[in-house]
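Count along the sequence shown from 1, add 129, and you get the number used in our numbering.
The block underneath contains the structure these notes are about, expressed in structure tokens.
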Amino acid sequence: MFFSHPSFQEPIARTGFFVSLVSYIFFWMCELLRPGFVSRSFSVHVFLMAIILFGCWWASVVEEYTDRVRLQHTLVIFFGVFLSVIVWQTGRVFDVWRLPLAALCLFVPFLTWRLMRYK
């Protein structure tokens with residue numbers, strides 16, 4: 130099939146991801162500026178689901194992740210620290226497991242990045 134080759138799927142998945150991302154941000158801002166403006170018609174999180182689906186599709190059809198390796202490492206470290214801080218700050222309900230979960234969240238972005246690179 131013509132569209133089954135990854136080189137044809139990648140631009141469609143990338144475009145879908147960015148359009149969903151921009152739409153999600155735009156409608157979320159509209160909802161913040163005027164509460165109920167968007168949520169009365171549909172949920173803003175429909176775009177979040179589309180972001181996740183298009184992002185997974187894009188990640189599965191990209192040939193290699195060799196561009197901007199330093200940026201990738203920086204983002205992985207940033208998101209690891211960010212997730213750890215969020216879990217630590219909101220993790221009072223985890224009690225004894227708070228520290229191990231924060232440490233685990235530090236490594237989740239790294240593991241996800243490694244799995245996405247693995248072909």
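From the three backbone atoms N, C-alpha and C, an ideal C-beta is built for every residue, glycine too.
Burial state of residue i (16 or more Cβ within 10 Å)
| i | result |
| --- | --- |
| Val-198 | exposed |
| Trp-187 | buried |
| Ser-149 | buried |
| Pro-229 | exposed |
| Pro-238 | buried |
| Phe-166 | exposed |
| Cys-234 | buried |
| Ser-189 | exposed |
| Met-181 | The residue you asked about is not Met; residue 181 is Ile in the sequence shown. Classification for Ile-181: exposed. |
| Phe-155 | exposed |
N-terminal and C-terminal residue of the alpha helix (DSSP H) that residue i is part of
| i | result |
| --- | --- |
| Phe-101 | The first residue shown for the chain is 130 and the last is 248, placing residue 101 beyond what the model contains. |
| Phe-176 | 174-190 |
| Arg-243 | 227-246 |
Test item: CB-CB of residue i and residue j under 7 Å
| i | j | result |
| --- | --- | --- |
| Glu-160 | Val-173 | yes |
| Ala-231 | Val-210 | no |
| Trp-242 | Val-205 | yes |
| Phe-183 | Phe-208 | no |
| Phe-171 | Tyr-153 | no |
Cβ of residue i within 7 Å of any chain C Cβ
| i | result |
| --- | --- |
| Pro-238 | Here chain C cannot be found, since the structure has a single protein chain. |
Expected contact under 8 Å - CB spacing of residue i and residue j to nearest Å
| i | j | result |
| --- | --- | --- |
| Val-222 | Glu-139 | The pair is not a contact, with the Cβ atoms about 41 Å apart (cut-off 8 Å). |
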